[in-house]
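Novice: Please read through the structure below; I'll follow up with questions.
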Amino acid sequence: LGRVKPDEFIAIAEQTGDIRTLTMIVMRKALAECRGWRDFGLDMSVAVNLSPVQFKNGGLAELVAAALKESGLAPRRLELEITESVLLDNTNSNIQTLEALKALGVRIALDDFGTGYSSLSYLRSFPFDKIKIDKSFVQDMWESQEAIAIIRAITGMGRSLHIETTAEGVETDEQFARLKEEGCSHFQGYLFGKPVPADQRAV
Numbered sequence: 008l009g010r011v012k013p014d015e016f017i018a019i020a021e022q023t024g025d026i027r028t029l030t031m032i033v034m035r036k037a038l039a040e041c042r043g044w045r046d047f048g049l050d051m052s053v054a055v056n057l058s059p060v061q062f063k064n065g066g067l068a069e070l071v072a073a074a075l076k077e078s079g080l081a082p083r084r085l086e087l088e089i090t091e092s093v094l095l096d097n098t099n100s101n102i103q104t105l106e107a108l109k110a111l112g113v114r115i116a117l118d119d120f121g122t123g124y125s126s127l128s129y130l131r132s133f134p135f136d137k138i139k140i141d142k143s144f145v146q147d148m149w150e151s152q153e154a155i156a157i158i159r160a161i162t163g164m165g166r167s168l169h170i171e172t173t174a175e176g177v178e179t180d181e182q183f184a185r186l187k188e189e190g191c192s193h194f195q196g197y198l199f200g201k202p203v204p205a206d207q208r209a210v
C-alpha cells in the first residue's frame with residue numbers, strides 16, 4: 008500500500024488491539040532517537056501519543072518504565088500525550104494509571120484541549136504538565152472572535168495553574184506572533200518543521 012498515514016491505520020489498530028504493540032514499538036524507537044540527540048549536545052524531550060485503548064488492560068506504567076530503563080533516557084525527557092477520551096472511560100482507574108506514570112517522572116500532556124465536553128473538570132482531577140490547544144482554534148483565530156477568546160482563556164488558565172500551553176498547528180509567522188502575544192508558552196506546527204525521516208532531521 009506504500010505509505011499509510013496515521014489517520015488511516017490508527018483506528019484499525021485500535022479496533023484490532025494491535026495499537027498496544029504498535030505504541031510500545033513507537034515509544035522504544037522515539038526514546039532511542041531522543042537519546043541519540045545528546046550526540047548533538049541537545050537535552051530535548053520527545054512526545055508520544057497514547058491511545059485510550061492502551062489504558063484498558065492495565066500494566067501501562069510498567070511497560071513505560073521498562074521502555075525507559077531499556078533506553079537509558081531520563082524520564083523527564085519523555086512526554087506522554089493523552090486526549091480527553093481517556094478520562095471519559097473508567098475515569099478512576101485511568102487517573103490511577105496517569106498517577107503511576109507521573110510517579111515515574113515523565114510529563115503528561117492533555118492533547119486537543121478545548122474540543123471535549125468536560126475539559127475544566129479534568130484540570131481539577133489530575134496535575135497535567137501541559138495542555139495543548141487544538142489546531143482548529145489556531146486555524147480559525149483570524150476569522151473567529153470565539154476562537155481567539157478560547158485561546159486567551161486557555162492560556163490564562165495555564166498561567167494560573169502553572170501549566171504550560173502548546174499551540175498546535177502553527178503554520179505562519181502571523182499566527183506565531185499572535186499566539187505569543189496571547190501567552191502561549193510552546194508552539195508546534197509546520198512553521199517550525201514538517202515530519203521527515205530521522206536521518207533527514209535538521210538539528
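Take the sequence shown: its letter number 27 is residue 34 in the working numbering, and every next letter is one higher. For every residue, glycine included, the Cβ atom is placed at its ideal position computed from N, Cα and C. As the structure is a prediction and not an experimental result, all values here were calculated from the model.
Are the stretch 177 to 184 and the stretch 127 to 134 touching by the rule of at least three beta carbon pairs closer than 8 Å?
Specialist: The stretch 177 to 184, when compared against the stretch 127 to 134, does not touch it at the 8 Å Cβ threshold.
Novice: Take the Cβ of THR30 as the centre, count every other Cβ of all protein chains shown within 10 Å, and call the residue buried at 16 or more, exposed below.
Specialist: Position 23 of the sequence shown holds residue 30. Buried: at least 16 other Cβ atoms inside 10 Å.
Novice: Do the stretch 65 to 82 and the stretch 106 to 121 make contact, defined as three or more Cβ pairs closer than 8 Å?
Specialist: The stretch 65 to 82, when compared against the stretch 106 to 121, does touch it at the 8 Å Cβ threshold.
Novice: For ILE115, report the span of its beta strand (DSSP E) as first-last.
Specialist: Against the sequence shown, residue 115 aligns to sequence position 108. Counting along the chain, the beta strand (DSSP E) containing ILE115 begins and ends at 114 to 120.
Novice: Work out the CA separation of PHE144 and GLU153 for me, nearest whole Å.
Specialist: Residue 153 sits at position 146 when you count from the first residue of the sequence shown. Residue 144 sits at position 137 when you count from the first residue of the sequence shown. For GLU153 and PHE144, the distance between alpha carbons rounds to 9 Å.
Novice: Considering just the uninterrupted stretch of the beta strand (DSSP E) at VAL55, what are its terminal residues?
Specialist: Sequence index remark: in the sequence shown, residue 55 carries index 48 (1-based). Element bounds for VAL55: 53 to 56.
Novice: Tell me, which residues are paired with GLU88 by DSSP?
Specialist: Locating residue 88 in the sequence shown gives position 81, counting from the first residue. ASN56 and ALA116.
Novice: Can you determine whether any heavy atom of the ligand HEM sits closer than 7 Å to the C-beta of VAL60, and answer yes or no?
Specialist: Among the components of this structure there are no ligands whatsoever, and the ligand HEM is therefore not found.
Novice: Mind pulling the beta strand (DSSP E) runs of 3 or more residues that sit fully within the stretch 105 to 181?
Specialist: DSSP runs (the beta strand (DSSP E)) wholly in the stretch 105 to 181: 114 to 120, 137 to 140 and 171 to 174.
Novice: With DSSP as the reference, please indicate the residues paired to PHE194 in a beta bridge.
Specialist: Position 187 of the sequence shown, counting from 1, holds the residue named residue 194. PHE194 is bridged to ALA174.
Novice: Just how far apart, CA to CA, sit LYS137 and CYS191?
Specialist: Mapped onto the sequence shown, residue 137 falls at position 130. Mapped onto the sequence shown, residue 191 falls at position 184. The alpha-carbon atoms of LYS137 and CYS191 are separated by roughly 11 Å.
Novice: Note down, in chain order, each residue of its chain lying with its Cβ closer than 6 Å to the Cβ of GLU40, except the 5 sequence neighbours on either side.
Specialist: Here residue 40 refers to the residue found at position 33 when the sequence shown is read from its first residue. Once the five neighbours on either side are set aside, the close Cβ partners of GLU40 are ALA205.
Novice: Buried or exposed, going by whether 16 or more other CB atoms sit within 10 Å of the CB of ALA116?
Specialist: Taking the sequence shown and counting its residues from 1, one reaches residue 116 at position 109. Counting Cβ neighbours within 10 Å, ALA116 comes out buried, since at least 16 surround it.
Novice: THR55 to THR98, Cα distance in whole Å?
Specialist: Stepping through the sequence shown from its first residue, residue 55 is reached at position 48. Stepping through the sequence shown from its first residue, residue 98 is reached at position 91. What sits at residue 55 in the sequence shown is Val, not Thr. The straight-line gap from Cα to Cα measures roughly 21 Å.
Novice: Kindly indicate which residue of PRO59, ARG166 and ILE170 has the alpha-carbon position closest to the one of SER92.
Specialist: What you label residue 92 is simply residue 85 of the sequence shown in a count that begins at 1. Cα-wise, what sits closest to SER92 is PRO59.
Novice: Would you kindly work out how many angstroms separate the C-alpha atoms of ASP50 and PRO13, rounded to a whole number?
Specialist: On the sequence shown, position 43 is the one that residue 50 refers to. On the sequence shown, position 6 is the one that residue 13 refers to. Their Cα atoms are separated by approximately 27 Å.
Novice: Could you name the residues of the same chain whose beta carbon sits closer than 6 Å to that of ALA174, not counting the 5 residues immediately before and after it, in chain order?
Specialist: For the purposes of this step, residue 174 is taken as residue 167 along the sequence shown, with counting starting at 1. Around ALA174: ILE140, VAL145, LEU186, CYS191 and PHE194.
Novice: Pull up the distance between the alpha-carbon of ILE155 and that of GLU189, whole angstroms please.
Specialist: Position 148 of the sequence shown holds residue 155. Position 182 of the sequence shown holds residue 189. Answer to the nearest angstrom: the Cα atoms are 9 Å apart.
Novice: Any idea if PHE120 is buried or exposed, counting beta-carbon neighbours within 10 angstroms, 16 or more meaning buried?
Specialist: On the sequence shown, position 113 is the one that residue 120 refers to. By the 10 Å Cβ count, PHE120 comes out buried.
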